[in-house]
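Asker: Its first residue numbered 2, the sequence shown is counted upward by one per residue in the working numbering. Sending over a structure as structure tokens; questions will come in a sec.
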Amino acid sequence: PPHRPHAPHPGPLTTTASGSVAIMSSEAVPPVPDPLPAPAVSVRRARTADVAAVRALLDPYTRRGILLDKATVTLYEDIQEFWVAERDDNAEVVGCGALHIMWEDLAEVRTLAVDPALKGAGVGHLLLEKLLHTARWIGVRRVFCLTFEVHFFAKHGFVEIGETPVDTEVYSELLRSPDEGVAEFLDLERVKPNTLGNCRMLLHL
Numbered sequence: 002p003p004h005r006p007h008a009p010h011p012g013p014l015t016t017t018a019s020g021s022v023a024i025m026s027s028e029a030v031p032p033v034p035d036p037l038p039a040p041a042v043s044v045r046r047a048r049t050a051d052v053a054a055v056r057a058l059l060d061p062y063t064r065r066g067i068l069l070d071k072a073t074v075t076l077y078e079d080i081q082e083f084w085v086a087e088r089d090d091n092a093e094v095v096g097c098g099a100l101h102i103m104w105e106d107l108a109e110v111r112t113l114a115v116d117p118a119l120k121g122a123g124v125g126h127l128l129l130e131k132l133l134h135t136a137r138w139i140g141v142r143r144v145f146c147l148t149f150e151v152h153f154f155a156k157h158g159f160v161e162i163g164e165t166p167v168d169t170e171v172y173s174e175l176l177r178s179p180d181e182g183v184a185e186f187l188d189l190e191r192v193k194p195n196t197l198g199n200c201r202m203l204l205h206l
């Protein structure tokens, strides 16, 4: 009988949604590219010239309800509280975060945001470590945050809290503050619609 050429290897088997088995050609499977290395970043104090970049970082998160919106004028007013992460290769701002002092021994980490393209690259951890270092230098011993990212903050030692951990005198003084973050820390009824699904967390330094 005439010699028949060998058929090419059919490739791996895969199961279709209906449960049947289909043959997937090895030629149709594109090679998986190696992941690009995360760009090197540095964390520095924010300047007024960074407000536009901070605004651009925050907007995607505020539209999805992950962060509370801040007016641009408020960002300018509070810029001295901010640190930013910028790429070493092109100075692009790819992350931001702020430390707001609430009392002698109490501060809040707020407005922590990272470019979604760099999620998982460690930028958020670098920013949070810088904010906590700043808190220690200032003299703060407790740091509060209101967040959906419970696992992220737990890695740095934050724990969930129920009651507001201040005495009656301090509580009364904090009630005098017009700051929304302080109201969130006190768990006031007027801000609860803005905090649904968020977790109140505290770190002892």
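Positions of the beta carbon are idealized from the N, C-alpha and C atoms, including for glycine. For clarity, every value in this text was computed on a predicted model and none was experimentally measured.
For my contact list, L133 and V42 are in at a C-beta cut-off of 8 Å; report their separation, rounded to the angstrom.
Answerer: L133 to V42, Cβ: 17 Å. No contact.
Asker: Roughly how many angstroms separate the alpha carbons of A108 and V144, rounded to a whole number?
Answerer: Their Cα atoms are separated by approximately 5 Å.
Asker: Give, in chain order, every unbroken run of the beta strand (DSSP E) that is at least 3 residues long and sits entirely within the stretch 72-102.
Answerer: DSSP runs (the beta strand (DSSP E)) wholly in the stretch 72-102: 83-88.
Asker: Are there any heavy atoms of the ligand FMN lying less than 8 Å away from the beta-carbon of V160, as far as the coordinates show?
Answerer: As far as ligands go, the structure on display features none, and thus does not contain the ligand FMN.
Asker: Which runs of the beta strand (DSSP E) fall wholly inside the stretch 39-67 and span at least 3 residues, in chain order?
Answerer: Counting whole runs of 3 or more residues, the stretch 39-67 contains the beta strand (DSSP E) stretches 42-46.
Asker: Give the DSSP bridge partners of E109, in chain order.
Answerer: Beta-bridge pairing links E109 to H101, F145.
Asker: Per DSSP, L203 forms a beta bridge with which residues?
Answerer: In the DSSP output, where bridge partners are listed per residue, L203 has F145, V160.
Asker: Give me the residue from R46, D106, E150 with the minimum Cα distance to A99.
Answerer: Measuring from the Cα of A99, the nearest candidate turns out to be R46.
Asker: Would you call the stretch 171-188 and the stretch 85-93 in contact, with 3 or more CB pairs under 8 Å?
Answerer: Too few Cβ pairs lie closer than 8 Å, so no.
Asker: So, with DSSP's three-state summary, where would you put A207?
Answerer: The chain is shown only over 2 to 206; residue 207 falls outside these bounds and no answer can be derived.
Asker: Put K120 into one of helix, strand or coil per three-state DSSP.
Answerer: Reduced to three states, the DSSP call for K120 is coil.
Asker: Rounded to whole angstroms, what is the Cα-Cα separation between C200 and E130?
Answerer: If you take the alpha carbons of C200 and E130, they lie about 20 Å apart.
Asker: What are the boundary residues of the alpha helix (DSSP H) that G182 is part of?
Answerer: Note, G182: alpha helix (DSSP H), 181-186.
Asker: For the alpha helix (DSSP H) that contains E150, what are its first and last residues?
Answerer: Per DSSP, E150 belongs to no alpha helix (DSSP H) and is neither H nor E.
Asker: Go through its chain and collect everything with a Cβ distance to R111's Cβ below 6 Å, but skip five positions before and after it.
Answerer: Counting only Cβ-Cβ distances below 6 Å, and skipping sequence neighbours, we find A99, H101, G182.
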